[in-house]
Every structure is written in structure tokens, then in C-alpha cells.
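Below you'll find the structure, written out as C-alpha cells, and then a few comments.
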Amino acid sequence: MSINWGILGAGNISGQFVHDLLLSNTESSFKHIVKSIGCSSETKGQSFIEDCKLTDENNVGVKPSIEKYDDFYKNADINIVYVGTPHVFHYEQVKNCLNNGKNVLCEKPFTINAKEAKELFALAKEKDLILMEAVWSRFLPIMNQLKAKLKDIGDVRRLFVDFGYDADLDNCEASSRIRNNALGGGALLDIGIYPITYSRFLLDDKLGKDHSHFTYESMMTVDETDKVDYNTSVVFQYGKIHAICTCSNYVDNISPFGRVEGSKGKIELFADNPARLRAFKITYNDGKTEEIKDDSPYLGFIYEANGIAKDIENHEESKVMPADETLLVMDIMDKIRAKHGLKYPTD
Ligand SMILES: NC(=O)c1ccc[n+]([C@@H]2O[C@H](COP(=O)([O-])OP(=O)(O)OC[C@H]3O[C@@H](n4cnc5c(N)ncnc54)[C@H](OP(=O)(O)O)[C@@H]3O)[C@@H](O)[C@H]2O)c1
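This is the structure we're talking about:
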């Protein structure tokens with residue numbers, strides 16, 4: 519039982535993703551084999567392999583090839599491509615993968631806007647291939663534990679989730695994917711997607727076009743020079759419940775980064791990176807407390823990787839992160855951006 523991965527983009531997040539695949543190979547009978555690294559240069563690919571500590575032992579005896587993007591797309595050994603490049607490249611790269619018969623797991627945000635996302639899902643359907651946005655948070659076992667515990671705090675009244683990442687904007691290159699409008703810069707698409715995901719995951723049992731009724735209002739500050747957002751806040755209302763979702767590139771979020779408040783108690787959320795919940799603490803109204811932690815050595819990407827491997831085997835769309843849910847969240851982000859005048863070149 520194995521699956522052959524092609525990793526597109528030898529950067530930051532691809533390295534973290536590959537870490538989990540290799541760790542899993544050392545302890546699971548299912549093998550995630552890294553067959554190829556698609557990247558801009560041989561040197562970069564070599565450093566990536568070294569930095570990931572990829573060896574014969576943890577990659578099932580396979581030495582990955584390092585290929586320029588065009589050769590990578592044509593590599594017939596690849597079952598599935600992980601796309602780990604900045605947002606603006608996802609649309610063309612996913613299209614190239616699908617047109618070359620490859621299943622795809624594409625980093626969030628899936629595309630720049632819902633229009634591009636729709637086209638890609640239609641193409642995947644036409645080609646009979648599996649395509650999923652890598653919303654890894656939804657696949658974490660601790661997220662399911664959190665959701666199961668909501669009933670213990672009675673009627674949920676409010677949810678707060680903040681993802682703050684101090685990008686040191688004064689010293690951050692204007693050409694970086696954080697600041698550059700042409701690279702899809704700004705906070706909402708990069709990190710704001712996670713608080714929105716928490717609200718969708720925790721407050722709605724339904725997905726995509728079957729979603730429960732909700733409304734939302736937003737505030738966004740678009741930087742006058744960079745023309746991207748560094749502060750965005752959204753409040754969703756599901757019935758009587760308010761979900762306050764915030765993101766910022768000016769400041770780091772404090773800990774706990776999130777809180778769920780119910781009639782019988784509250785739950786605080788803890789993590790170094792809010793996308794990867796590591797622990798939560800329940801404090802009941804009578805003062806009793808309960809803590810649940812995830813100390814797993816996995817960074818957290820293995821769960822989505824196992825999920826899509828199973829979907830490919832069963833030849834069915836993910837039930838955890840279906841296309842419809844991606845389209846719903848992309849549409850929310852499109853509308854927030856449109857309201858506040860944040861445009862990207864492909865809008
Ligand atoms: N799941 C998560 O928690 C998480 C965390 C961080 C990022 N992400 C997502 O992952 C994606 C990549 O983020 P990252 O931080 O990994 O990015 P990164 O390290 O800056 O870039 C990844 C790769 O993309 C290519 N690339 C970067 N800038 C480029 C440019 N200007 N022109 C052409 N190619 C360029 C390079 O590929 P080569 O190696 O081929 O040169 C680079 O190695 C983003 O969409 C981001 O939202 C997700």
C-alpha cells in the first residue's frame with residue numbers, strides 16, 4: 519500500500535509537509551513515497567532533500583528526482599501532486615497537474631478567488647481526478663475531540679479565534695508573498711482563512727452548499743502602499759451564536775488564541791500556530807477543569823495526506839474537505855475583499 523507524491527515548490531510549507539510523510543513511513547505500513555521535487559533549480563531541490571532529511575530508509579529506498587516544473591508535470595510516476603507555492607501560482611499549476619492526469623492536494627488558499635476555484639474543480643471532474651484544498655486543520659484528530667466536547671459546555675454562545683502573525687512588515691521585502699499584491703499578499707487569504715475555518719468547522723455540521731444559515735459582517739484595512747490587508751476582522755452569526763474571527767500581520771496572537779463560550783463553561787484553545795490546534799482547556803462554571811493535549815511528533819500534515827490517499831484509493835471526493843466547502847469559503851473571502859476594495863490581478 520503506497521502512493522507516489524510529487525512535491526511542487528521546494529519551500530517552507532512543502533518541507534513541513536514532507537517531514538510528516540517521512541515520519542509516517544518509519545512507523546506505518548502505508549507508504550507515502552516522495553518521487554519527485556518540482557522546483558526552479560537542481561541546487562534548490564538538493565538542499566530541500568537535505569533539509570527534509572530525506573533518506574533511503576524513510577523514503578522506501580527511493581531517491582526523488584529533481585525536475586523543472588514542465589518535466590515534473592509529465593512525470594508518469596507521480597500519482598498525486600502536493601502544491602506548496604504562493605497562492606497566485608496555484609491556479610495555473612493545479613491546471614497543469616490535472617491536464618497531465620495527476621490528482622492534486624493544493625495548499626490554502628486554494629486559489630485567489632472562487633471563479634478560479636470553480637474552474638479547477640470542473641476540470642478535475644472532467645478528468646475524473648481527485649482534487650482537494652489542503653485545509654489540514656479539519657483533519658486533525660484533536661479538532662474532532664474539540665468538536666465532540668462542545669456539548670459539554672451547554673449552549674454555545676460565542677466563539678473567538680485570532681490568527682496573528684507579526685510579519686515584521688518594516689523589514690519584510692516588498693516583493694515577499696506577504697506584502698506583494700501580485701503574489702496574493704495580505705492577511706485574509708494567508709491566515710484569516712483559519713479563523714473562518716474554525717467557525718465553519720465548530721458551528722456548522724454541514725458543508726459547502728448544504729451549509730446552515732449564517733450571516734457575516736467584516737472590517738478590513740487595506741494598506742495604502744502595499745494594497746493588501748494587514749488587519750481583517752469578521753463576525754459571523756449562526757442563529758444566536760457570534761463567531762469573532764480576526765487576523766493580523768501586525769501582531770502575534772496571544773495565547774490562548776481562541777475561546778468557545780457556552781452556558782455551562784468555556785473552552786480555551788492553545789497552539790504555537792493556530793492552524794494546528796495542540797491543546798484545549800475546558801473550565802466549567804463550577805470551577806472544574808479538563809485539558810486535552812496533542813503531543814504527537816507529527817506537525818499535523820499527515821492526516822490530510824492519509825485522507826486524500828484514501829480518497830484516491832476509493833476514488834471519491836473528500837467528505838472532510840469537499841470542493842463545495844472550498845467554494846463557500848472562497849466566496850466569503852471574495853465578498854469581504856470586494857466590500858473593502860482589495861483586488862488581486864486575477865479578480
Ligand atoms: N498549511 C499551512 O499552515 C501553510 C503554512 C504556510 C504556507 N501555506 C501556504 O503554502 C503556500 C506556500 O507558502 P510558503 O510559505 O511555503 O512559500 P515560499 O516558501 O515562499 O515559496 C514556496 C515555493 O514557491 C516558489 N515561489 C516562491 N515565490 C515565488 C515567486 N515569486 N515566483 C515563482 N515561484 C515562487 C518557490 O519554488 P521553487 O522551490 O520551485 O523555487 C518556493 O520554494 C502559500 O499558498 C501559503 O498560503 C500554508
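Numbering (our numbering), first residue to last: 519 to 865. We put the beta carbon where it would ideally sit given N, CA and C, even for glycine.
Less than 8 Å between the CB atoms is what I'm expecting for residue i and residue j, so what's the real figure, rounded?
i: serine 751; j: serine 736; result: 7 Å
i: arginine 656; j: isoleucine 759; result: Wrong, their Cβ atoms sit about 19 Å apart, outside the cutoff.
i: alanine 635; j: methionine 848; result: 5 Å
i: lysine 727; j: aspartate 842; result: 5 Å
i: threonine 844; j: phenylalanine 628; result: 5 Å
i: tyrosine 756; j: serine 730; result: 6 Å
i: valine 612; j: glycine 780; result: That pair is no contact at about 40 Å.
Under a three-way DSSP split, which group does residue i fall into?
i: histidine 858; result: helix
i: valine 752; result: strand
i: asparagine 791; result: coil
i: arginine 796; result: coil
i: valine 612; result: helix
i: leucine 539; result: helix
i: threonine 743; result: coil
i: alanine 528; result: coil
i: methionine 851; result: helix
i: lysine 811; result: strand
i: glycine 726; result: helix
i: isoleucine 584; result: strand
i: lysine 645; result: helix
i: tyrosine 768; result: coil
i: threonine 844; result: helix
i: arginine 695; result: coil
i: glutamate 831; result: helix
i: methionine 839; result: coil
i: aspartate 680; result: strand
i: asparagine 803; result: coil
i: glutamate 779; result: strand
i: isoleucine 555; result: strand
Cutting at 8 Å between CB atoms, please list the residues of its own chain near residue i, excluding the five before and the five after it.
i: lysine 620; result: Gly524, Tyr591, Ile596, Asn597, Ile598, Val599 and Leu647
i: isoleucine 567; result: Ile555, Pro582 and Ile584
i: glutamine 564; result: Ile584
i: lysine 553; result: Asn522, Trp523, Gly524, Val580, Pro582, Ser583, Asn593, Asp595 and Ile596
i: valine 753; result: Tyr734, Glu735, Ser736, His760, Ala761, Ile762 and Cys763
i: threonine 807; result: Lys799, Ile800 and Thr801
i: alanine 692; result: Asn698 and Asp744
i: glutamate 560; result: Ile584
i: aspartate 829; result: Ile648, Met650, Glu835 and Ser836
So, are the CB atoms of residue i and residue j less than 8 Å apart?
i: valine 778; j: isoleucine 772; result: no
i: aspartate 747; j: glycine 702; result: no
i: isoleucine 800; j: isoleucine 671; result: yes
i: isoleucine 820; j: serine 532; result: no
i: leucine 638; j: asparagine 577; result: no
i: alanine 700; j: valine 606; result: yes
i: histidine 550; j: leucine 817; result: no
i: aspartate 686; j: phenylalanine 775; result: no
i: tyrosine 683; j: asparagine 749; result: no
i: leucine 707; j: methionine 519; result: no
i: leucine 795; j: isoleucine 660; result: yes
i: tryptophan 654; j: alanine 797; result: no
i: valine 601; j: glutamate 625; result: yes
i: lysine 665; j: phenylalanine 719; result: yes
i: glycine 527; j: cysteine 570; result: no
i: proline 840; j: leucine 721; result: no
i: alanine 642; j: leucine 616; result: yes
i: arginine 695; j: proline 604; result: yes
Who are the Cβ neighbours of residue i in its own chain at under 6 Å, not counting the five residues just before and after it?
i: isoleucine 826; result: Leu623 and Met650
i: threonine 739; result: Asn749
i: glutamate 835; result: none
i: lysine 811; result: Ala797
i: asparagine 614; result: Tyr591
i: glutamate 809; result: Lys799
i: glutamate 644; result: none
i: aspartate 803; result: Per the sequence shown, residue 803 should be read as asparagine rather than aspartate. Excluding positions up to five away in sequence, the list reads Lys782 and Gly783.
i: phenylalanine 548; result: Met519
i: asparagine 791; result: none
If you drop the 5 nearest sequence neighbours on each side, which residues of the same chain put their C-beta closer than 7 Å to that of residue i?
i: valine 838; result: Arg656, Phe657 and Gly825
i: lysine 667; result: Ile785 and Ile800
i: alanine 823; result: Asp538, Leu539 and His550
Could you check whether the Cβ of residue i sits closer than 7 Å to any heavy atom belonging to ligand 3?
i: alanine 797; result: Ligands in the displayed structure: ligand 1; ligand 3 is not one of them.
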